[in-house]
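The structure under discussion appears below in the form of structure tokens.
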Amino acid sequence: MARSVFIGVALCVCTLCCLADVVDATETGVAAPAQCASDEDCSLNGVCTSGTCLCDAGWTTLLDGLNNTATPGCGYLDFLPSPISACGPACAFHGGAGGVDRKTTSWGGSVKYNPADRKFWMFAAEMANHCTLGQWTTNSQVVTAVSDTPTGPFVRHGVAIPPWSHNPEAILTPDGTWVIYTLGPGFNKTVQKQCGARGDAGVSGGNASNTVHEAVSSTNVVNFTLHSATSPHGPWTATTMFVPGWNATWTLQSPGNWNPAPVVLPDGSVRVMAHTDWAPWAGEVILEAPSWKGPYSVVGSDLIDHCSYCEEDPFMWKDHRGNWHVLYHRMYDAVGPLDPRWGQEDGSWNKPSTPVPSPGWAGGHAFSRDGYTWSPWTRCYNTSIALTDGTTLEVRRRERPKLLMDSTGRPTHLYNGVIAPTETYTVVAPLNVPANW
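Residue 143 in my numbering sits at position 143 of the sequence shown; the count goes up by one each step and never skips.
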């Protein structure tokens with residue numbers, strides 16, 4: 001079939017390649033093989049063969065613009081159009097009754113396939129009591145939702161972790177344990193707001209068994225809370241993990257912006273990328289543990305993102321070749337030619353006035369051979385979402401990136417929390433991969 005390549009403000013279909021209709025002529029790029037000397041020139045999202053990048057399905061190359069010139073190959077997610085569902089354009093989950101209550105706000109979700117029931121389970125951040133995203137630091141809770149397909153809409157199942165909890169990322173361990181990493185411990189650090197005329201019956205405690213403790217007051221040791229269960233149905237048990245060597249200037253928990261991005265390996269060991277916020281929208285560090293139960297330790301420094309005022313919300317994975325990747329919410333990057341000083345900390349960068357420009361570049365990508373030393377963080381996708389009716393949804397914000405991976409470790413769908421013109425919800429964008437044709 002013809003390939004559909006969507007990178008910005010237009011969808012085009014052709015037999016061999018696609019010329020992107022972009023806002024600025026200097027940004028025009030052709031989806032075509034990139035010249036390369038190594039697989040790194042292909043962003044480790046493909047292979048360099050006879051001087052040409054052959055991209056993996058779901059990734060594409062845009063030549064002569066858009067991306068950093070140092071690593072242009074296979075650096076952009078290659079999307080198919082998103083469906084228009086009962087909860088809105090590209091909507092996978094809105095929250096509330098049936099998951100399609102357009103008066104309820106959700107803000108991104110982690111999706112995993114459950115072999116036991118052959119369904120897709122989402123772990124989403126939902127604002128309790130019909131509050132908006134503006135009350136995320138008081139009313140965010142983690143809910144589960146289920147669907148027969150990756151695009152949903154996902155039907156709300158129940159509260160897994162009560163307020164305060166946010167930005168969930170779930171893993172399924174080799175022994176069959178489901179584990180949720182969150183921003184926030186799942187117990188009330190602040191008083192919930194009452195925002196709507198009718199409350200959500202599931203917000204006053206959920207089914208989490210709470211055994212957590214207050215954070216340790218120390219310059220060397222901190223803690224965070226995990227929630228585990230034997231199935232996505234729950235019940236969920238909270239367990240406190242301690243991390244020695246955590247810098248006292250970094251953020252963690254309530255409402256620290258540490259946004260953990262866990263990866264579980266076949267031997268059960270876990271590696272987590274965590275946001276440290278040593279400077280505004282800056283800093284990622286690696287934690288490691290022999291299992292999800294710990295003990296966790298800090299590995300290296302938190303300067304692996306090479307920039308400030310540039311990123312948050314990491315999502316990390318290890319691909320089918322054994323290489324490491326991360327998506328993140330890219331900051332301060334409006335449409336137009338890439339500022340070569342973007343993210344530099346020496347004062348030479350004249351950053352835009354808004355951290356989340358729209359239209360703008362909302363997603364970034366970096367790669368690594370070992371998961372410790374990372375490439376520069378480059379443009380990957382923007383604030384435009386193609387729809388199956390031929391129109392485009394331009395969102396004001398597109399954050400919290402999460403990929404659904406297939407059984408071979410290849411991505412098939414991207415989920416984000418978005419602020420659309422009048423609503424805030426969780427969207428899905430299918431990737432251009434065989435499973436979605």
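Don't be surprised by glycine CBs; every beta carbon is placed ideally from N, CA and C.
Do residue i and residue j have their C-beta atoms closer together than 7 angstroms?
i: Gly409; j: Asp267; result: no
i: Asn223; j: Thr240; result: yes
i: Thr190; j: Pro168; result: no
i: Ala145; j: His157; result: yes
i: Cys310; j: Trp281; result: yes
i: Thr388; j: Pro81; result: yes
i: Ala447; j: Cys53; result: With the chain covering 1 to 437 only, the question about residue 447 has no answer from this structure.
i: Val433; j: Ala57; result: yes
i: Pro232; j: Trp317; result: no
i: Val142; j: Phe120; result: no
i: Ala362; j: Thr383; result: yes
i: Ile171; j: Pro262; result: yes
i: Tyr458; j: Pro355; result: Given a span of 1 to 437 for the chain in the structure shown, any question on residue 458 remains unanswerable.
i: Gly343; j: Cys307; result: yes
i: Gly417; j: Gly184; result: no
i: Ala90; j: Leu303; result: no
Give me whichever residues DSSP pairs with residue i in a beta bridge.
i: Lys119; result: Asn114
i: Glu169; result: Tyr181
i: Trp59; result: Leu77
i: Ala429; result: Leu414
i: Lys402; result: Tyr415
i: Glu126; result: Ser106, Gln141
i: Tyr372; result: Tyr372 is not bridged to any residue.
i: Phe367; result: His325
i: Gln35; result: Thr52
i: Ser384; result: Glu394
i: Leu226; result: Tyr181, Thr239
i: Trp361; result: Asn382
i: Ala274; result: Val285
i: Ser147; result: Phe120
i: Val155; result: Val146
Answer with buried or exposed for residue i, where buried requires no fewer than 16 other C-beta atoms within 10 angstroms of its C-beta.
i: Asp64; result: Bear in mind that a pLDDT of 48 at Asp64, under 50, signals an unreliable position, so the model cannot answer this.
i: Ile286; result: buried
i: Asn350; result: exposed
i: Gly390; result: exposed
i: Thr49; result: exposed
i: Gly245; result: exposed
i: Pro314; result: buried
i: Gln192; result: buried
i: Gly29; result: Caution applies to Gly29, whose pLDDT of 37 falls short of 50 and renders its modelled position unreliable; the value that the coordinates give is listed next. With 16 or more other Cβ atoms within 10 Å, it is buried.
i: Leu404; result: buried
i: Ala86; result: exposed
i: Val428; result: buried
i: Tyr372; result: exposed
i: Glu284; result: buried
i: Gly51; result: exposed
i: Leu431; result: buried
i: Arg341; result: exposed
i: Val243; result: buried
i: Arg118; result: exposed
i: Leu265; result: exposed
i: Ser301; result: exposed
i: Pro163; result: buried
i: Gly364; result: buried
i: Gly206; result: For Gly206, the predicted structure reports a pLDDT of 36, less than 50, and the residue's modelled location is therefore unreliable. The matter cannot be settled from this model.
i: Val22; result: At Val22, the pLDDT of 30 sits below 50, so the modelled position is not reliable; the number obtained from the coordinates is stated separately. With 16 or more other Cβ atoms within 10 Å, it is buried.
Between the Cα of residue i and those of the options, spot the shortest distance and give me the residue it belongs to.
i: Gly99; options: Tyr328, Ala125, Thr230; result: Ala125
i: Ile84; options: Thr61, Pro153, Trp121; result: Pro153
i: Ala128; options: Gly96, Ala386, Ser301; result: Gly96
i: Asp339; options: Thr378, Pro359, His329; result: Thr378
i: Cys74; options: Gly108, His325, Lys103; result: His325
i: Glu399; options: Pro337, Phe120, Tyr381, Asp117; result: Tyr381
i: Ser110; options: Ile304, Pro355, Lys103, Ile180; result: Ile180
i: Pro411; options: His227, Pro401, Pro376, Thr61; result: Pro401
i: Val45; options: Glu345, Gly322, Asp333; result: With the sequence shown as reference, residue 45 is identified as Asn, and Val is not the correct amino acid for it. Of Glu345, Gly322, Asp333, the residue nearest in Cα terms is Gly322.
i: Thr132; options: Ser43, Asp370, Thr424; result: Thr424
i: Met273; options: Tyr415, Pro235, Glu312, Trp236; result: Glu312
i: Ile419; options: Ala435, Asn436, Arg396, Trp437; result: Arg396
i: Asn436; options: Asp41, Val47, His275, Phe79; result: Phe79
i: Trp136; options: Val221, Leu393, Cys195; result: Cys195
i: Val299; options: Asp305, Lys293, Arg271; result: Arg271
i: Pro352; options: Asp175, Arg330, Ser368, Gly134; result: Arg330
i: Leu226; options: Arg369, Pro260, His94; result: Pro260
i: Leu77; options: Tyr415, Ala238, Gly186, Pro235; result: Tyr415
i: Gly294; options: His275, Asp406, Ser269; result: Ser269
Against chain B, with Cβ distances strictly below 7 angstroms, would residue i count as a contact?
i: Lys293; result: Given the protein chain composition of this structure (a single chain), no chain B is represented.
**Request:** For the stretch 276-351, list the beta strand (DSSP E) runs that are entirely contained and at least 3 residues long, ordered along the chain.
**Result:** DSSP runs (the beta strand (DSSP E)) wholly in the stretch 276-351: 284-289, 297-299, 311-318, 324-330.
**Message:** Restricting to runs no shorter than 3 residues, where is the beta strand (DSSP E) found entirely within the stretch 64-108?
**Reply:** List check, beta strand (DSSP E) in window: 91-93.
**Request:** Write down every uninterrupted run of the beta strand (DSSP E) in the stretch 239-272 whose length is 3 residues or greater and which is fully enclosed by it, in chain order.
**Result:** Correct list: 261-264.
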